[in-house]
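Presented below is the structure to which this report refers.
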Amino acid sequence: MDVLEFKDQLVDLMRDVSVNIDNAFLPIVHKYDLTLIQAQILKHINDDQNHSIGSLAKIMNIQSGNTSSMCKQLEKKGYLERHRDMSDERVVKIQLTDKGISTIAEIDNILKQIYTPIFSSENHDDIQTIILGLQNLKDLLIRMNKV
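So for the sequence shown, the working numbering puts the first residue at 18; every next one is plus one.
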């Protein structure tokens with residue numbers, strides 16, 4: 018396969034994957050007035066209670082200014098709180114509110130209820146191959162970005 022064929026297939030597949038990710042997950046997070054990125058932000062904060070805007074931006078691969086704006090929106094909706102770090106006023110620490118914690122738990126439970134029957138019927142090795150393939154794709158694209 019040459020690079021142009023690779024690009025064409027990759028772009029078409031990624032568009033299809035993106036649409037299907039949206040179709041699978043958006044209806045669930047929209048019930049909570051969230052976007053997928055906002056839900057993922059809440060999930061990361063829930064998984065690691067020691068995030069700042071900067072650390073969250075880095076893990077999400079989003080600019081700090083955009084992460085800050087999204088966190089302000091999530092704060093207005095009551096999902097998280099932002100506080101300046103007393104030792105360094107430039108750092109904004111974030112933590113989930115009770116509403117944020119319960120919302121992530123509810124979303125996780127809904128996802129498990131809906132998709133566990135489908136996911137459990139899939140071959141474990143196939144799932145691992147998908148994850149490995151996506152990681153390899155990411156690594157290839159990183160190398161391509163360095164040219």
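Don't be surprised by glycine CBs; every beta carbon is placed ideally from N, CA and C. Since we're looking at a predicted model, the values are computed, not measured.
Quiz item: If you count every other CB in all the chains shown that lies within 10 Å of the CB of V109, and 16 or more means buried, which is it?
Solution: buried
Quiz item: CA-CA distance, S35 and L43?
Solution: 11 Å
Self-check item: Integer Cβ distance of I111 from I70, believed to fall under 8 Å
Solution: 7 Å
Quiz item: In angstroms, rounded to a whole number, what distance separates the CA positions of I79 and S138?
Solution: 34 Å
Practice problem: Could you pull out every unbroken alpha helix (DSSP H) segment of at least 4 residues lying fully inside the segment 41-113, listed in chain order? | Solution: 53-64, 70-77, 81-93
Quiz item: Which same chain residues, not among the five before or five after S85, have their C-beta less than 6 Å away from its C-beta?
Solution: I70
Practice problem: For A123, name the three-state secondary structure that DSSP assigns. | Solution: Correcting the residue identity first, residue 123 is Glu in this sequence and not Ala. Of the three classes helix, strand and coil, the one that applies to E123 here is helix, per DSSP.
Quiz item: Which residues in the same chain have their Cβ closer than 6 Å to the Cβ of S52, if we skip the five residues on either side of it in sequence?
Solution: It should be noted that the sequence gives Thr, not Ser, for residue 52. None.
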